[in-house]
Amino acid sequence: MSPNVLYTAFDVVPSPKGASTHILHFLRGLVNSQFDVHLFTPNDGLLPAEDLLEGARVTRVSQNLDDSFLARAIHFGEAVLTHVTAQPTYDIVHYRSLWGGFQLTQNKTHFGYKTIFEVNGLPSVELKYHYPGLEPELLSKIKEQELATLHLSDAIICPSRVTREYLASLGLDRKAVTVIPNGVSPSDFSPSPLPDRTARLPVMLYIGTLADWQGLDVVIKALPLILEKQPVQLKIVGRGRSRQRKMLAKQIRKLGLEEHAMVQPAVPHHEVPALIASADICVAPLGLNDRNITQGACPIKLLEYMAAGRPLLASNLPIVRELVREDTDALFFSPNDPADLARQALALLGDFELSQRLAEAAAERVLSKFTWHEAQKKLGKVYEALLNNNI
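Quick note on the numbering used here: the sequence shown kicks off at 223 and runs consecutively.
1) Specify the secondary structure class of Glu596 as computed by DSSP and reduced to three states.
2) Residue range of the beta strand (DSSP E) that Gln455 falls in?
3) Answer with buried or exposed for Arg465, where buried requires no fewer than 16 other C-beta atoms within 10 angstroms of its C-beta.
4) Indicate the three-state DSSP secondary structure (helix, strand or coil) for Phe257 in the structure shown.
5) Would you check if the stretch 554 to 563 and the stretch 517 to 528 touch, i.e. whether three or more CB-CB distances between them fall below 8 Å?
6) Where does the unbroken alpha helix (DSSP H) through Tyr351 begin, and where does it stop?
7) Can you tell me which residues form a DSSP beta bridge with Glu548?
8) Hey, how far is the Cα of Leu252 from the Cα of Glu272?
9) When the Cα atoms are used, what is the spatial distance from Leu392 to Glu575?
10) With distances taken from CA atoms, which of Leu510, Val494, Pro495, Glu387 is nearest Gln436?
11) By how many angstroms is the C-alpha of Asp512 removed from the C-alpha of Phe554?
12) Please state whether DSSP places Val234 in a helix, a strand or coil.
13) Please state the DSSP three-state secondary structure of Tyr312.
14) Just verifying my parser: in three-state terms, what is the DSSP assignment at Glu272?
15) Would you grab the beta carbon distance between Ala231 and Arg318 for me? Rounded to a whole angstrom, and I think it's under 8 Å.
16) Are the CB atoms of His260 and Thr281 nearer to each other than 9 Å?
17) Can you tell which of Asp434, Ile314, Pro345 has its C-alpha closest to the C-alpha of Ala377?
18) Take Lys472 as the anchor and find which of Val485, Gly460, Ile402 has the nearest alpha-carbon.
19) Ignore the nearest five residues each way along the sequence and tell me which others in Ile458's own chain have a CB closer than 6 Å to its CB.
20) If you run the structure through DSSP and keep just helix, strand and coil, what is Phe333?
21) Output needed for Arg383: all residues of its chain with C-beta closer than 7 Å, excluding positions within five of it in sequence on either side, in chain order.
22) With distance defined between alpha-carbon atoms, name the residue in Phe339, Gly334, Val505 nearest to Leu320.
23) Rounded C-beta distance between Val440 and Pro507? I'm assuming under 8 Å.
24) Along the chain, where does the beta strand (DSSP E) that runs through Gln525 open and close?
25) Rounded to the nearest angstrom, what separates Leu445 and Cys504 at their Cα positions?
26) Is it true that the CB of Ala519 sits closer than 9 Å to the CB of Gly534?
27) Taking the Cβ atom as the reference point for each residue, do Ile541 and Pro521 lie within a distance shorter than 9 Å?
28) How should His247 be labelled, buried or exposed, when 16 other C-beta atoms within 10 angstroms of its C-beta is the threshold for buried?
29) Over what stretch of residues does the alpha helix (DSSP H) that includes Ala377 continue unbroken?
30) Rounded C-beta distance between Asp258 and Pro225? I'm assuming under 8 Å.
31) Report buried or exposed for Asn254, applying the criterion of at least 16 other Cβ atoms within 10 angstroms of its Cβ.
32) Determine the closest residue to Gly323 out of Glu276, His373, Tyr351, with distance taken between C-alpha atoms.
33) Val302 and Asp266 - do their beta-carbons sit closer together than 9 Å?
34) Can you tell which of Leu479, Asn538, Thr431, Ala433 has the C-alpha that lies nearest to the C-alpha of Lys443?
35) Entirely within the stretch 365 to 433 and at least 4 residues each: give me those alpha helix (DSSP H) ranges in chain order.
36) Cα-Cα, which of Arg419, Met223, His352, Thr263 is closest to Ser290?
Below you can see the structure in the form of structure tokens.
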């Protein structure tokens with residue numbers, strides 16, 4: 223009989239976000255490994271309440287989109303607990319966040335399931351970037367619940383060595399934390415020839431969220447310096463809150479860049495390969511902040527840029543160096559430094575052979591080392607160890 227798994231995520235699935243991509247590939251890997259998986263997520267009001275994805279059953283919890291983020295998160299956690307109370311038949315429960323994870327760990331002895339905490343980001347670190355007005359006392363309480371959830375979890379996985387070190391600083395045994403980097407699917411992303419730069423305006427592309435930690439203000443500040451020597455169009459494509467969009471639009475207007483920079487809504491994930499193929503340079507201007515430096519992350523955008531065979535310009539940060547070799551796969555620039563970003567962008571724009579060499583090496587590296595198939599195999603080993611009581 224197949225082991226029963228509850229996989230909870232406070233993310234809408236499917237959606238353009240990297241989290242959705244990650245969840246769908248983990249679902250596929252678990253189902254292919256003969257696990258009976260039930261995915262539990264919030265609903266955006268558009269998707270069906272019950273569904274089937276990648277061979278897994280899906281339940282989407284209704285939510286009032288007019289409520290605050292925290293109200294919706296608490297409601298989701300309560301719905302998760304109600305679900306396991308009504309159907310306490312799971313062998314493993316796997317959660318991606320505190321929202322649901324806290325309740326699941328508090329009740330694991332009663333229901334008898336094993337627990338896996340998939341730590342991609344922690345609210346105590348990330349929420350302040352989305353909601354700058356949050357009270358310190360609230361963030362402190364959230365961190366207390368995170369610590370309890372971490373220490374009560376039977377297994378912990380994360381996508382970055384930087385994240386593992388952060389979790390170790392919170393008192394966890396780093397040997398108990400399994401690093402499973404994000405990946406790409408070679409069937410979706412494969413290298414294509416670079417566009418001809420002589421017949422068109424070169425495009426510098428960013429794809430991802432508009433969160434403050436992404437460093438988009440730095441690339442916008444660098445754009446006038448690039449334009450002094452080289453015509454280029456900056457295209458920012460991603461999901462963001464109204465506040466974030468307004469800030470970027472204001473910065474673009476203030477610098478007089480309306481004709482040279484555009485901010486566009488996120489596109490469905492299946493449209494991302496063609497979007498990257500239309501670019502001359504892809505940029506990951508990750509900022510110098512605690513989300514990137516202390517907590518860590520594994521930016522899917524980096525891997526997808528590289529797999530698609532586009533020259534990459536990225537911040538010189540540990541989370542980037544885990545994935546990318548400087549001057550072999552990409553050019554790096556000093557974080558938060560518009561002048562250095564501009565210098566390296568001009569180096570790529572002015573040297574087609576360099577761009578081609580970096581892009582080819584990057585694609586070869588990612589498609590051989592960072593695939594979702596590899597991530598699925600590592601996840602399967604964690605599940606196997608947990609079921610065999612080897613964790």
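From the three backbone atoms N, C-alpha and C, an ideal C-beta is built for every residue, glycine too.
With the structure as the only source:
1) In the structure shown, Glu596 sits in a helix (DSSP, three-state: H, G or I).
2) Element bounds for Gln455: 455 to 459.
3) By the neighbour-count rule (16 or more Cβ atoms within 10 Å), Arg465 is not buried but exposed.
4) Of the three classes helix, strand and coil, the one that applies to Phe257 here is coil, per DSSP.
5) Judged by pairs of C-beta atoms under 8 Å, the stretch 517 to 528 does not touch the stretch 554 to 563, as fewer than three such pairs exist.
6) Segment 345 to 352, the alpha helix (DSSP H) holding Tyr351.
7) Answer is Ala552, bridged to Glu548.
8) Their Cα atoms are separated by approximately 19 Å.
9) The straight-line gap from Cα to Cα measures roughly 46 Å.
10) Selected option, being the one with the closest Cα: Leu510.
11) Roughly 20 Å separates the two Cα atoms.
12) Looking at Val234 - three-state DSSP - the assignment turns out to be coil, as it is neither helix nor strand.
13) Note: Tyr312 maps to coil in three-state DSSP.
14) Under the three-state reduction of DSSP, Glu272 is assigned to strand.
15) That pair is a contact at about 4 Å.
16) With a cutoff of 9 Å on beta-carbon distance, His260 and Thr281 are scored as near each other.
17) Ala377 has its Cα closest to that of Ile314, out of Asp434, Ile314, Pro345.
18) In terms of Cα proximity to Lys472, the closest of Val485, Gly460, Ile402 is Val485.
19) Counting only Cβ-Cβ distances below 6 Å, and skipping sequence neighbours, we find Tyr428, Val485.
20) Reduced to three states, the DSSP call for Phe333 is helix.
21) Closer than 7 Å at the Cβ level, and outside the excluded window around Arg383, lie Val401, Glu544.
22) Taking only the C-alpha atoms, the option nearest Leu320 is Phe339.
23) Going by Cβ atoms, the distance from Val440 to Pro507 rounds to 5 Å, so yes, they are a contact pair.
24) Per the sequence shown, the amino acid found at residue 525 is Leu instead of Gln. Element bounds for Leu525: not the beta strand (DSSP E) but the alpha helix (DSSP H), 522 to 529.
25) Roughly 14 Å separates the two Cα atoms.
26) The displayed chain sequence assigns Leu, not Gly, to residue 534. No.
27) A contact, by the Cβ cut-off of 9 Å.
28) A buried status is given to His247, since no fewer than 16 other beta-carbon atoms sit within 10 Å of its beta-carbon.
29) Segment 377 to 380 is the beta strand (DSSP E) holding Ala377; no alpha helix (DSSP H) there.
30) Contact flag correct, Cβ pair sits at about 7 Å.
31) With fewer than 16 neighbouring CB atoms inside 10 Å of its own CB, Asn254 falls in the exposed class.
32) Restricting attention to Glu276, His373, Tyr351, the CA atom closest to the CA of Gly323 is found in His373.
33) Contact flag unset, no.
34) The shortest C-alpha separation from Lys443 is found at Leu479.
35) Inside the stretch 365 to 433, DSSP marks whole alpha helix (DSSP H) runs of 4 or more residues at positions 383 to 391, from first to last along the chain.
36) Nearest of Arg419, Met223, His352, Thr263 to Ser290, Cα basis: His352.
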